[in-house]
Amino acid sequence: MIALFQTIDLALNLYTWVLIASAIFSWLYAFNVINSSNQFVNSVGLFLYNVTEPLLRPIRRLLPNLGGIDISPIILLLIIFFLRSLMWNTIFPLVA
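For the sequence shown, my numbering assigns the number 701 to the initial residue and increments by one for each residue that follows.
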């Protein structure tokens, strides 16, 4: 049972880093810091978009329009941190 929780925790931790990388990539792309015509850059951007967009899209639908500011990654990070802490607060009393 503990191994299952550790695996889920690892997956959530990895997804957190992918989400942060996606946000940084979108900023670099928006400010033309990276070359958008490069095939590798497009591949990385497409991968990050395809991995993060299924979870960000429902959050964006619920949020009000804030102009050019997208806070959906922050909301998703808060949800992930909440799930991780809930999971560990549930399992640690069982282990101790």
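Where a beta carbon is used, it is the ideal one built from N, C-alpha and C, also for glycine.
Original post:
According to the neighbour-count rule (16 or more other Cβ atoms, all chains shown, within 10 Å of its Cβ), is L719 buried or exposed?
Top reply: buried
**OP:** Along the alpha helix (DSSP H) that carries F731, what are the first and last residues, could you check?
**Re:** Looking at the DSSP string, F731 is not in any alpha helix (DSSP H), and its letter there is neither H nor E.
**OP:** Kindly indicate which residue of F781, N742, E753 has the alpha-carbon position closest to the one of S772.
**Re:** Selection F781, N742, E753 evaluated against S772 yields E753 as nearest (Cα-Cα).
Original post:
Just to confirm, are R784 and L710 a CB contact at a threshold of 8 Å?
Top reply: no
Original post:
Should L776 and L756 be called a contact, given that it needs their Cβ atoms to be closer than 8 Å?
Top reply: Inclusion of L776 and L756 in the CB contact set at 8 Å is warranted, their separation being smaller than that value.
Original post:
In or out: S722 buried (at least 16 other Cβ within 10 Å) or exposed?
Top reply: buried
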